[in-house]
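Read the structure below first, then the notes.
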Amino acid sequence: MNKWFSPVTVKLSALVVVAFVLCSTAFTAQARGNLPEFTDLIEQVSPAVVKINTVEKVSARPGMPIPRGQQDIPEIFRHLFEPRQYPERSVQSMGSGFIVSSDGYILTNNHVVEGADEIQVRLQDRREYDATVVGMDERSDLALLKIDEKNLPTLKLSDNVDLKVGQWVVAIGSPFGLDFSASAGIVSAIGRSIPNEHGGNYVPFIQTDVAINPGNSGGPLFNMDGEVVGINSQIYTRSGGSIGLSFAIPASVATQVIAQLKDKGRVDRGWLGVVIQEVDRDLAESFGLKKPMGALIAQMDPAGPAAKAGLQVGDVIIRFGEAEILKSGDLPHAVGMTAPGTRVPVMVMREGKRRELPVAVGTLEGGQASQGSGPEAAAAGDRLGLVVEPVSPELAQEWQLKGGVLVDQVVEGSAAAKSGLRPGDVIVQLGFSGIEGVDQYRKLQADLPANSLLPIRFYRQGRALFRTIAISK
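The sequence shown begins at 7 in the numbering used here and counts up by one.
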């Protein structure tokens, strides 16, 4: 026997190995016992999650315009530059959503249904419905849909008061078209400020490490009580798939958006009329703050609510109502969720001293009207089911229009809605007559024959489209 290993040493070594194995097994069992079990939760909530399929009809880009200074191109070649009408093609997309009331209201992301001509909703039990848009809100990236059904399973929206970093959360949706897939993770951060493509910053996002992929958009994010704490909206990725950085719209934001979309088809937000910037360490010291905090007013609208209330450029807003403003991004979140007209006490740091000023919050312009926002819209619509307004000079110049009317509202179920018209479209031809302005449009639509299929030409996002429209009376 090797002189370094006695029988006693061998026995002790064996005992150590056995003890280590027993401890490892016990630790593993204990760790497993602390992990959550998701099966009951998923079985309970998944019937109210839906898959959303959309179809958008688009046409190819028209021919090139004749270059300036080359108007003398021979006739034989001019057809290469003349605009032509191309056949429409259907672009399909998909997303997720969930039922918020038993009579068929469904919440999803705005970007899931934006631009869609057809929206189909599929339930977990494979029932399918055509959905209509009740209202859309680009700033929060939320949209409210409606299907014709009753006694549907629903989900409860959380108030997010108890949501904390580290809590377990579960997502259900249709990533890459894989119906009703579940994934789990934890809350990574709360109150993330992520500006949208227009520079707006009105949503304090929930960040998670839950696996979210294309197709999950609009689906619910659950806590362990089966409440919806967020609506999955965005991911950060370099590959197109999940890398553990996903962002959800808080349910507390969605609750207010749903109420306004149901009531008036749009969302009105609070507005102060200020341009703000972050406060760094040096600025904090110069303004008499103990640490970097607040939102520094760098510019003001002289006719805005903040200016009228006495706020000044150079003020640092440190509290808005009950909300403490720790970062500049906290201010848009707080102001945007405040009802216009509300008087709110605003605490500012000015010349090293705190001052509180009451501000009457204004209304942020640019709320998007719904496609059919109830009886009021139906009463206001014309024979086509439209509410129109003049085209602004800026839009006319941008789209190179010589006339037309801008669609403000489309009444649900109307001839215009069936033809696929949407708010923001500019109608330039009705029947066989060009439209110069609102007065001519109103006369034309009043004189249109009933029960006849007529051409209608309009611009959408700068592109010309032809559709047909039929008026029943």
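Beta carbons: idealized from backbone N, C-alpha and C, even for Gly.
Residue i (DSSP reduced to helix, strand or coil)
| i | result |
| --- | --- |
| residue 131 | coil |
| residue 362 | strand |
| residue 114 | strand |
| residue 348 | coil |
| residue 441 | coil |
| residue 42 | coil |
| residue 231 | coil |
| residue 317 | coil |
For residue j and residue i, the rounded distance between their alpha carbons
| i | j | result |
| --- | --- | --- |
| residue 251 | residue 225 | 16 Å |
| residue 184 | residue 56 | 12 Å |
| residue 320 | residue 341 | 19 Å |
| residue 215 | residue 48 | 18 Å |
| residue 149 | residue 270 | 13 Å |
| residue 157 | residue 108 | 5 Å |
| residue 472 | residue 63 | 11 Å |
| residue 449 | residue 405 | 25 Å |
| residue 45 | residue 118 | 28 Å |
| residue 179 | residue 272 | 26 Å |
| residue 454 | residue 413 | 18 Å |
| residue 409 | residue 236 | 44 Å |
| residue 74 | residue 469 | Because the pLDDT of residue 74 is 46, which lies under 50, any placement of that residue in the model is unreliable, and the number read from its coordinates should be weighed accordingly. Rounded to whole angstroms, residue 74 to residue 469 spans 21 Å at the Cα level. |
| residue 411 | residue 312 | 35 Å |
| residue 167 | residue 257 | 10 Å |
| residue 255 | residue 246 | 20 Å |
| residue 475 | residue 353 | 56 Å |
| residue 249 | residue 363 | 45 Å |
Identity of the residues DSSP links to residue i by a beta bridge
| i | result |
| --- | --- |
| residue 143 | 148 |
| residue 211 | 198 |
| residue 465 | 432, 470 |
| residue 178 | 188 |
| residue 1 | Nothing can be reported for residue 1, as the shown portion of the chain is limited to 7 through 479. |
| residue 241 | 252 |
| residue 96 | 63 |
| residue 306 | 280 |
| residue 138 | 152 |
Reference residue i; option with closest CA among the options
| i | options | result |
| --- | --- | --- |
| residue 188 | 218, 463, 156 | 218 |
| residue 172 | 229, 273, 48, 430 | 229 |
| residue 61 | 288, 186, 426 | 426 |
| residue 444 | 124, 393, 420 | 393 |
| residue 163 | 446, 50, 138, 259 | 259 |
| residue 463 | 431, 142, 104, 283 | 431 |
| residue 346 | 399, 370, 354 | 370 |
| residue 116 | 231, 238, 169, 181 | 238 |
| residue 153 | 128, 174, 177 | 128 |
| residue 192 | 338, 174, 182 | 174 |
| residue 296 | 286, 303, 304 | 286 |
| residue 241 | 415, 278, 232, 198 | 198 |
| residue 477 | 159, 132, 390 | 390 |
Beta carbon proximity, residue i to chain C, threshold 8 Å
| i | result |
| --- | --- |
| residue 302 | The structure shown has no chain C; it contains just one protein chain. |
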